[in-house]
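For the sequence shown, our numbering assigns the number -9 to the initial residue and increments by one for each residue that follows. Virtual Cβ for every residue (Gly too), placed ideally from N, Cα, C. Written below as structure tokens is the structure these notes are about.
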Amino acid sequence: MGVFHCFLKRIAFLALLLFGISQQNLIAQGVQNPHLNEPCGFAKVIDQLEAQYPGFKSKYDAQTLQLVKSNPIVESRKKRITDTIFYYDTIYTIPVVFHVLYNVANENLNDSLLISQIEVLNRDFNRRNPDTVKTREIFKPRAGSARIQFVLASVDPNGVATNGMIHKPTTRTTFGSNNGQLGDAMKASATAGADPWDPTKYLNIWVCDLSVNNQDNLLGYAFPPFGHPSWTSGSWVADNRQGVVLHYKVVGRNNPRATGAIASANLGRCAIHEVGHFLGLRHIWADDQFNGNKCTLDDYIDDTPLQGIGAGFTCNLGGNTCLEPKNDMPDMFENYMDYSTEACQNIFTKQQVSMMRKSITEYRVDLPIKKDIITKLRIFDTVVYNEILIYPKSNIKKVMVEVKNEDVLDQLEIQFFTMLGQAITEPIAIKKNETLVDTESWSTGAYVARLVRTSDGKVIRKQKLFVE
Ligand SMILES: [Zn+2]
């Protein structure tokens, strides 16, 4: 029953061993609940590695801890812990191409399944899934809508019209690999796979058989953006390996091939999880289950509770693997980045949303909509500025400029004028969620704040203020 939802490629040889051992372990003991068994398996892996490569353990821990400390995203994120309300108004539209590789007819998925997968992606990423009601009350305020949508590409890299769903026969009976290594053969024609379309401009999703000896242990995997600071350098791969790989049995909604051990993976949520990785997210338990203290590492996301191990394909909503010193919360098994059953999953948090959107703007900048790739759909790229609050704080003699939509940070300047149009400040760049402007030297009276978009000098807003 060992279902590896995805594969961490932090360390290739580690992955290899994790795969082999957990699989043997589970088969040998006929375990129905891998949750109970994994820690034991992982501990063995670490011991083996330590024996094989003395010093591995401490080096591994040190490397990971160093990453936590030096990660600039973590630093900036920490400052926003108390800011629990984020508004994201730019909708990023990502063109998708499916490469369906089939050796037998059953692997050649019908287009309707692929279309349903796109529907599920759009629904779950934007919190339009009907099961949001199942999110526990304590976590509801943390739920975020990613404002990311997915469309099938309608133009290929050569400018030729397409429906974004490519079906290609292959001579390979499986792309799974019994040595546990992620060979990525599906990503190149030379190895009986399909070459990616420009991976900086399309989200390539390869759909193929990942089974090994008829075991469905690996359901999908994806690599984080190259250079992403939340991941170790061992997880970064070149462009031609970027994208998402999915086992053909778990693609789309109600895929009839999801049966037996993987029957619960029929809601299309393996793709949600993998696209989450593709956009930089890590597992919510931070994969430190094989550390002495499983609660050492966090996932670089503050609004997911500290968690020690993955949910193990259960939905134990009462579980709490780590005691947090303050505001202890149970594990968030509802999270798409956990290993809970798909029916249990229903949430990305606001900060996960923030991380994914930052991954787009910093690491996958050419991915969102380009007119030459999508022609059929209306293009959304709208920024709304009405979530900016400008108000005097007379008690401290300052004016507060509060920006809730962080997409507009670094794009605006504010300047203050008297009612007669005389500037009393220089233009002030808006770089933070909260900017305070000193009014100590201003005489009591009315002033005008003028908000300007720096890219084109357009005045976004003029607002009158009374300053005491
Ligand atoms: Zn994963």
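For I17, the three-state DSSP class (helix, strand or coil)
At I17 the pLDDT is 28, less than 50, meaning the model places this residue with poor confidence; the figure from the coordinates comes in the next sentence. Assignment of I17 by DSSP, reduced to helix, strand and coil, places it in the helix class.
Could you check where the alpha helix (DSSP H) with K340 kicks off and where it finishes?
DSSP places K340 inside the alpha helix (DSSP H), whose first and last residues are 340 to 353.
Counting C-beta neighbours from all protein chains within 10 Å, is the total for V94 16 or more, i.e. buried, or is it exposed?
Under this definition V94 is an exposed residue.
Would the C-beta of H218 count as close to ligand 1, meaning under 7 Å from any of its heavy atoms?
Checking every heavy atom of ligand 1 against the Cβ of H218, none is found closer than 7 Å.
R443 and L410: beta carbons closer than 8 Å?
Cβ atoms of R443 and L410: not closer than 8 Å.
With distance defined between alpha-carbon atoms, name the residue in K239, H237, R243, G266 nearest to N325.
Of K239, H237, R243, G266, the residue nearest in Cα terms is G266.
Segment contact flag, the region 239 to 255 with the region 195 to 209, C-beta cutoff 8 Å, min 3 pairs
A contact exists between the region 239 to 255 and the region 195 to 209.
Close-in-space but distant-in-sequence residues of the same chain around D362 (CB under 8 Å, 5 per side omitted)
Bear in mind that the predicted position of D362 carries a pLDDT of just 44, short of 50, making it unreliable; the figure below should be weighed with that in mind. Only residues of its own chain outside the window of five on either side were considered, and among them V145, G149 have a CB closer than 8 Å to the CB of D362, listed in chain order.
Below 7 Å CB to CB, which residues in the same chain sit around F370 once its five sequence neighbours on both sides are set aside?
Low confidence applies here, because F370 scores a pLDDT of 36, under 50, leaving its location unreliable; read the following figure in that light. Counting only Cβ-Cβ distances below 7 Å, and skipping sequence neighbours, we find I81, T83.
Judging by CA-CA distance, which residue of V391, G298, N207 is the nearest neighbour of A248?
Looking at the Cα atoms, N207 is the closest of the given residues.
On the criterion of 16 or more Cβ atoms from any shown chain inside 10 Å, does K177 qualify as buried, or is it exposed?
Within a 10 Å sphere around the beta-carbon of K177 sit 16 or more other beta-carbons, which makes this residue buried.
For T408, which beta-bridge partners are listed by DSSP?
For T408, which the question treats as bridged, DSSP gives the partners Y437.
Indicate whether the contact test is met: 3 or more Cβ pairs, each with one atom in the region 309 to 316 and one in the region 276 to 289, closer than 8 Å.
The region 309 to 316 vs the region 276 to 289: in contact.
Whose C-alpha, out of V234, V141, P186, P131, is nearest the C-alpha of S106?
Of V234, V141, P186, P131, the residue nearest in Cα terms is V141.
How about the region 249 to 264 and the region 376 to 389: do they share at least three Cβ pairs that are nearer than 8 Å?
With contact defined as three or more Cβ pairs closer than 8 Å, the region 249 to 264 and the region 376 to 389 are not in contact.
I need the DSSP call for I274, collapsed to helix, strand or coil.
Here I274 sits in coil by DSSP.
Quick check on I108: buried or exposed, where buried means 16 or more other Cβ atoms within 10 Å of its Cβ?
Buried: at least 16 other Cβ atoms inside 10 Å.
Quick check on DSSP: helix, strand or coil for C334?
Reduced to three states, the DSSP call for C334 is helix.
Assuming Q297 and D321 are in contact, meaning their beta carbons sit under 8 Å apart, how far apart are those beta carbons, in whole angstroms?
That belief holds up - the Cβ atoms of Q297 and D321 are roughly 5 Å apart, short of 8 Å.
I274 beta carbon less than 8 Å from that of T294
It is a contact, given that the beta carbons lie within the stated cut-off.
Are Y353 and P215 close, meaning C-beta to C-beta below 8 Å?
Cβ distance < 8 Å, so Y353 and P215 count as in contact.
In the region 69 to 135, which residue ranges form an unbroken beta strand (DSSP E) of at least 3 residues, counting only runs that do not cross its ends?
DSSP assignment within the region 69 to 135 yields the following whole beta strand (DSSP E) runs of 3 residues or more, N-terminal first: 82 to 92.
Could you pull the start and end residues of the beta strand (DSSP E) that E392 belongs to?
Taken as a continuous stretch (DSSP letters only), the beta strand (DSSP E) holding E392 covers 388 to 393.
Using the beta-carbon count (16 or more within 10 Å), is S420 buried or exposed?
Note that residue 420 is Ile in the sequence shown here, rather than Ser. So I420 counts as buried.
Nearest candidate by alpha-carbon position, reference Q232, set G258, A261, W221, T190
Answer by Cα proximity: T190.
If we count Cβ pairs, one from each stretch, closer than 8 Å, do we get three or more for the region 221 to 229 versus the region 257 to 266?
Judged by pairs of C-beta atoms under 8 Å, the region 221 to 229 does not touch the region 257 to 266, as fewer than three such pairs exist.
Nearest residue (CA-CA) to R126, options G154, T339, G302, R272:
Of G154, T339, G302, R272, the residue nearest in Cα terms is T339.
Examine chain C for any beta-carbon lying closer than 8 Å to the beta-carbon of F88, and answer yes or no.
Judged by its chain identifiers, the structure shown contains no chain C, having just a single protein chain.
In this structure, how does DSSP classify D292 when only helix, strand and coil are distinguished?
The answer is coil: DSSP assigns D292 none of H, G, I, E or B.
C-alpha distance - K284 paired with W221, whole-angstrom precision
One C-alpha to the other measures close to 18 Å.
At the level of alpha carbons, what is the spacing between L111 and A133?
In this model, L111 and A133 are separated by some 16 Å (Cα to Cα).
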